[in-house]
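In this text, residue positions in the sequence shown follow this note's numbering: the first is 9, and each later residue adds one.
Note that the Cβ used here is the ideal one computed from N, Cα and C, for glycine as well.
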Amino acid sequence: MNMQIADQKVYALKRFILRLRDEVSPNDIQEEFQQLFEDANVVDVLLAELTLLMTDDEITIEDMKRLEPLRARLTENGQHEKGNKVTEAHHPIQIYKEENAALLGVLNRMKELLMWFEQNPSEAQETAEQKEMQLCIQQLGEFHNHYHRKEKLFFPIMERYGYMGPLRTMWMIDDQIRVLYQGLKGEVNRLPEVDPTRIQKRFHSFAGKFKKMIFKEEKMLLPILQYLFTEENWLAVANESEAFGYALIEAPKEKRMPTDAKKKVAHSTSATENFKFGGGYLTTEEANLILNNLPLEITFIDQSGLFKYFNEMTAASEMMLVRTPSSIGRHVSNCHPPKSLKKVMTIIRDLKSGIRTSESMWFKKKDEYIHITYKAIFNEHGEFMGVLEYVQDIQPFLELPNEIKKGLSKLDH
Numbered sequence: 009m010n011m012q013i014a015d016q017k018v019y020a021l022k023r024f025i026l027r028l029r030d031e032v033s034p035n036d037i038q039e040e041f042q043q044l045f046e047d048a049n050v051v052d053v054l055l056a057e058l059t060l061l062m063t064d065d066e067i068t069i070e071d072m073k074r075l076e077p078l079r080a081r082l083t084e085n086g087q088h089e090k091g092n093k094v095t096e097a098h099h100p101i102q103i104y105k106e107e108n109a110a111l112l113g114v115l116n117r118m119k120e121l122l123m124w125f126e127q128n129p130s131e132a133q134e135t136a137e138q139k140e141m142q143l144c145i146q147q148l149g150e151f152h153n154h155y156h157r158k159e160k161l162f163f164p165i166m167e168r169y170g171y172m173g174p175l176r177t178m179w180m181i182d183d184q185i186r187v188l189y190q191g192l193k194g195e196v197n198r199l200p201e202v203d204p205t206r207i208q209k210r211f212h213s214f215a216g217k218f219k220k221m222i223f224k225e226e227k228m229l230l231p232i233l234q235y236l237f238t239e240e241n242w243l244a245v246a247n248e249s250e251a252f253g254y255a256l257i258e259a260p261k262e263k264r265m266p267t268d269a270k271k272k273v274a275h276s277t278s279a280t281e282n283f284k285f286g287g288g289y290l291t292t293e294e295a296n297l298i299l300n301n302l303p304l305e306i307t308f309i310d311q312s313g314l315f316k317y318f319n320e321m322t323a324a325s326e327m328m329l330v331r332t333p334s335s336i337g338r339h340v341s342n343c344h345p346p347k348s349l350k351k352v353m354t355i356i357r358d359l360k361s362g363i364r365t366s367e368s369m370w371f372k373k374k375d376e377y378i379h380i381t382y383k384a385i386f387n388e389h390g391e392f393m394g395v396l397e398y399v400q401d402i403q404p405f406l407e408l409p410n411e412i413k414k415g416l417s418k419l420d421h
């Protein structure tokens with residue numbers, strides 16, 4: 009569905025919703041609805057619904073529920089193919105739904121605790137309820153893992169199928185939810201000093217957007233993935249999910265067999281054939297080992313802005329900035345959250361034009377002091393070839409003793 013037709017269908021969907029609000033029977037508009045989407049597949053219909061729900065504040069979850077029977081009959085009538093059934097307990101879709109259920113459970117418990125605070129407004133001493141509330145907000149924070157898997161694993165594969173429209177909007181709303189969570193967390197962690205009514209307001213704002221996102225995920229996004237993704241896609245998601253972690257559930261015990269893509273690359277060239285690198289010669293195996301043993305996380309974005317390479321100095325779950333194979337081939341503009349996109353694209357533009365030769369930044373992450381450098385890469389003819397990003401934990405350097413060390417470390421025998 010091209011963008012112009014998509015806009016027309018989104019607008020038409022809203023008209024159907026408004027008619028259903030007026031208690032028009034779905035049966036009375038079913039034929040008209042089917043004619044509207046006769047040239048579209050179920051994914052296009054779901055994407056149109058998702059776009060409408062994310063971009064029009066007038067549209068509610070209840071509105072979308074009224075629309076469900078109309079879409080369901082498209083499949084029943086054989087107008088569209090049905091998606092692949094998901095029955096495996098360890099399938100990423102089932103895992104995602106389990107996480108949503110667990111997160112909703114925590115959210116509901118927080119609502120109950122807030123009712124207790126309303127009934128006990130003068131309680132100044134720390135109570136079991138206050139401790140539980142602080143535990144709940146900590147548990148709820150695991151939704152970050154849930155969202156990261158969506159943005160870094162689901163979205164790249166959807167982009168490869170050509171479905172990019174609503175993804176940036178969904179990511180932007182994810183970031184809004186993250187901000188609301190931080191505000192709520194800050195108030196909860198101030199208990200018992202903070203006024204419970206402040207927490208109630210923060211909670212209401214967060215819970216509203218959070219529950220709406222769960223609806224979008226389960227009623228629209230996951231069904232879209234169920235129609236689009238192949239078994240190979242799901243294997244990639246399953247294999248790479250551990251790098252981002254899970255939300256309130258244990259990691260699946262079943263181990264997936266790794267794909268043989270790396271083996272194919274490794275055997276495409278003789279292991280003993282040397283190639284010119286810098287001032288000497290290396291085999292591809294040696295070059296790969298060297299890159300993976302550098303004390304840096306390296307990423308390369310090519311001249312077209314495509315994410316082309318990252319080294320594997322450690323497991324993805326241990327990386328300072330997590331990278332997984334699903335993002336390879338993704339445009340750099342889609343690899344970053346909307347809130348940081350302008351800064352990233354400004355850096356790349358300046359590096360490409362020569363305004364800057366490099367740019368560095370640093371920040372604290374738990375016990376790591378992360379230093380990032382972006383460097384423009386030009387060939388011998390002065391042609392821009394891409395951007396090299398290297399990331400390093402410099403905390404150990406900041407902790408070096410004043411005395412000079414030139415000898416070997418002493419070993420215990």
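Exercise. Three or more beta-carbon pairs under 8 Å between the segment 381-397 and the segment 350-359, yes or no?
Worked result: Touching, yes.
Problem set entry | Exposed unless 16 or more other CB atoms sit within 10 angstroms - verdict on S249 | Here residue 249 is taken as the residue at index 241 of the sequence shown, counted from 1. Buried is the call here.
Problem set entry | the segment 316-331 / the segment 143-153 touching (three or more Cβ pairs under 8 Å) | These segments do not touch.
Exercise. What do you reckon, are the CB atoms on E320 and N300 nearer than 8 Å?
Worked result: Translated into the one-based positions of the sequence shown, residue 320 becomes position 312. Translated into the one-based positions of the sequence shown, residue 300 becomes position 292. Against a cut-off of 8 Å, the Cβ pair of N300 and E320 comes out as a contact.
Exercise. Going by DSSP, what residues sit across from Y317 in a beta bridge?
Worked result: The residue labelled residue 317 in the question sits at position 309 within the sequence shown. Paired residue(s): F308.
Exercise. What number of angstroms, rounded off, separates the C-alpha of L236 from the C-alpha of K73?
Worked result: Counting from one through the sequence shown, the residue named residue 236 turns up at place 228. Counting from one through the sequence shown, the residue named residue 73 turns up at place 65. Taking the straight line from one Cα to the other gives about 23 Å.
Exercise. Taking Q142 as the reference, which of L26, L75, I207 has the closest Cα?
Worked result: In the sequence shown, residue 142 corresponds to position 134, counting from 1. Out of L26, L75, I207, I207 has the C-alpha closest to the C-alpha of Q142.
Exercise. Sorted by chain position, which residues of the same chain lie with C-beta nearer than 7 Å to K220's C-beta, five sequence neighbours on each side aside?
Worked result: Locating residue 220 in the sequence shown gives position 212, counting from the first residue. Excluding sequence positions up to five before and after K220, its CB lies within less than 7 Å of the CB of I69, all in the same chain and listed in chain order.
Exercise. Once you ignore the five residues that flank P34 on each side, which residues in its own chain have a CB closer than 6 Å to its CB?
Worked result: As a first step, residue 34 is located in the sequence shown; it is residue number 26 there, counting from the start. Taken in chain order, the residues that qualify are P77, L78.
Problem set entry | A110 vs A255 beta-carbon contact at 8 Å | Start at 1 with the first residue of the sequence shown, and residue 110 comes out as number 102. Start at 1 with the first residue of the sequence shown, and residue 255 comes out as number 247. Yes. Within cutoff.
Exercise. Among residues of its own chain, excluding the 5 on either side of P164, which ones have a beta-carbon nearer than 6 Å to its beta-carbon?
Worked result: Position 156 of the sequence shown, counted from the first residue, corresponds to residue 164. Excluding residues within five positions, the ones whose Cβ falls inside 6 Å are S334, S335, R338.
For this session: Please report how far the alpha carbon of F24 lies from the alpha carbon of F308, in whole angstroms.
Result: Numbered from its first residue, the sequence shown carries residue 24 at position 16. Numbered from its first residue, the sequence shown carries residue 308 at position 300. Rounded to the nearest angstrom, the two C-alpha atoms are 47 Å apart.
Exercise. Whole-angstrom Cβ separation of R210 and G191, contact assumed at under 8 Å?
Worked result: One-based indexing of the sequence shown puts residue 210 at position 202. One-based indexing of the sequence shown puts residue 191 at position 183. The beta-carbon distance between R210 and G191, rounded to whole angstroms, is 5 Å. This is short enough to meet the 8 Å contact definition.
Exercise. Going by DSSP, what residues sit across from H339 in a beta bridge?
Worked result: Stepping through the sequence shown from its first residue, residue 339 is reached at position 331. Paired residues: L314.
Problem set entry | When K360, E397, T63 are compared against R331, the one with the closest alpha-carbon | Counted from its first residue, the sequence shown places residue 331 at position 323. Closest option to R331, Cα to Cα, is E397.
For this session: Report all residues from its chain with a CB closer than 7 Å to the CB of R157; omit the five preceding and five following residues, and keep chain order.
Result: What you label residue 157 is simply residue 149 of the sequence shown in a count that begins at 1. Counting only Cβ-Cβ distances below 7 Å, and skipping sequence neighbours, we find S249, F252.
Exercise. Using the rule of at least 16 other Cβ atoms within 10 Å of the residue's Cβ for burial, across every protein chain shown, is Y19 buried or exposed?
Worked result: Translated into the one-based positions of the sequence shown, residue 19 becomes position 11. Taking all protein chains in view, the Cβ of Y19 is surrounded by fewer than 16 other Cβ atoms within 10 Å, so the residue is classified as exposed.
Problem set entry | Residue range of the unbroken beta strand (DSSP E) whose run includes N290 | Residue numbering aside, residue 290 sits at position 282 when the sequence shown is read from its first letter. Per the sequence presented here, residue 290 reads as Leu, with Asn not at that position. That run of the beta strand (DSSP E) goes 288-291.
Exercise. Between the beta-carbon of H98 and the beta-carbon of P260, is there less than 8 Å?
Worked result: Stepping through the sequence shown from its first residue, residue 98 is reached at position 90. Stepping through the sequence shown from its first residue, residue 260 is reached at position 252. Against a cut-off of 8 Å, the Cβ pair of P260 and H98 comes out as a contact.
Problem set entry | Per-residue burial, E411 [other beta carbons within 10 Å of its own, 16 or more giving buried] | Sequence index remark: in the sequence shown, residue 411 carries index 403 (1-based). By the 10 Å Cβ count, E411 comes out exposed.
Exercise. If you compare alpha carbons, which of E226, L229, I185 is closest to F218?
Worked result: Numbered from its first residue, the sequence shown carries residue 218 at position 210. That would be I185, whose Cα lies nearest to the Cα of F218.
Problem set entry | A56 versus K119, D30, R81, L175, residue with shortest Cα-Cα distance | Along the sequence shown, read from residue 1 onward, the residue named residue 56 stands at position 48. Here the closest residue by C-alpha is L175.
Problem set entry | I222 beta carbon less than 8 Å from that of L112 | For the purposes of this step, residue 112 is taken as residue 104 along the sequence shown, with counting starting at 1. For the purposes of this step, residue 222 is taken as residue 214 along the sequence shown, with counting starting at 1. I222 is positioned such that its CB atom lies closer than 8 Å to that of L112.
Exercise. Who are the near neighbours of P404 in its chain, counting only those whose CB is closer than 7 Å to its CB and skipping five residues on each side?
Worked result: What you label residue 404 is simply residue 396 of the sequence shown in a count that begins at 1. So the list is empty, once near-sequence residues are dropped.
Exercise. If you drop the 5 nearest sequence neighbours on each side, which residues of the same chain put their C-beta closer than 8 Å to that of Q38?
Worked result: Within the sequence shown, the letter at position 30 stands for residue 38. Within its own chain, the residues whose Cβ lies closer than 8 Å to the Cβ of Q38, once the five positions on either side in sequence are excluded, are L78, R81, listed in chain order.
Exercise. Hey, how far is the Cα of Q42 from the Cα of L28?
Worked result: As a working mapping, residue 42 is identified with position 34 in the sequence shown. As a working mapping, residue 28 is identified with position 20 in the sequence shown. For Q42 and L28, the distance between alpha carbons rounds to 16 Å.
For this session: Pick out whichever of I298, N342, L290, T292 has its Cα sitting closest to the Cα of F460.
Result: Given a span of 9 to 421 for the chain in the structure shown, any question on residue 460 remains unanswerable.
Exercise. Which first and last residues belong to the alpha helix (DSSP H) in which F151 is found?
Worked result: To locate residue 151, count along the sequence shown from 1; it is residue 143. Segment 151-157, the alpha helix (DSSP H) holding F151.
Exercise. At what residues does the beta strand (DSSP E) containing I101 begin and finish?
Worked result: On the sequence shown, residue 101 is found 93 positions in, with the first residue counted as 1. Premise fails: I101 lies in the alpha helix (DSSP H), 100-127, not in any beta strand (DSSP E).
Exercise. Does the Cβ-Cβ distance between M228 and L54 come in under 8 Å?
Worked result: Residue 228 sits at position 220 when you count from the first residue of the sequence shown. Residue 54 sits at position 46 when you count from the first residue of the sequence shown. The Cβ-Cβ distance between M228 and L54 falls below 8 Å.
Problem set entry | Those residues which DSSP pairs with R381 across a bridge | The residue given as residue 381 occupies position 373 in the sequence shown. Checking the sequence, you will find Thr at residue 381 rather than Arg. For T381, which the question treats as bridged, DSSP gives the partners S368, Y398.
Exercise. Quick one, are the C-beta atoms of L115 and P204 less than 8 Å apart?
Worked result: The residue labelled residue 115 in the question sits at position 107 within the sequence shown. The residue labelled residue 204 in the question sits at position 196 within the sequence shown. Contact annotation: L115 and P204 have beta-carbon atoms that are not nearer than 8 Å.
Exercise. I378 and V395: beta carbons closer than 8 Å?
Worked result: In the sequence shown, residue 378 corresponds to position 370, counting from 1. In the sequence shown, residue 395 corresponds to position 387, counting from 1. Between I378 and V395, the gap from beta carbon to beta carbon reaches 8 Å or more.
For this session: In angstroms with no decimal places, state the Cα-to-Cα distance between G194 and T322.
Result: As a working note, residue 194 is residue 186 in the sequence shown. As a working note, residue 322 is residue 314 in the sequence shown. G194 and T322 have their C-alpha atoms roughly 33 Å apart.
For this session: Taking only the alpha-carbon atoms, compute the straight-line gap between D64 and L21 and give it to the nearest angstrom.
Result: Numbered from its first residue, the sequence shown carries residue 64 at position 56. Numbered from its first residue, the sequence shown carries residue 21 at position 13. So the two alpha carbons sit approximately 12 Å from each other.
Exercise. Taking buried to mean at least 16 other C-beta atoms within 10 Å of its own C-beta, is V32 buried or exposed?
Worked result: Residue numbering aside, residue 32 sits at position 24 when the sequence shown is read from its first letter. By the 10 Å Cβ count, V32 comes out exposed.
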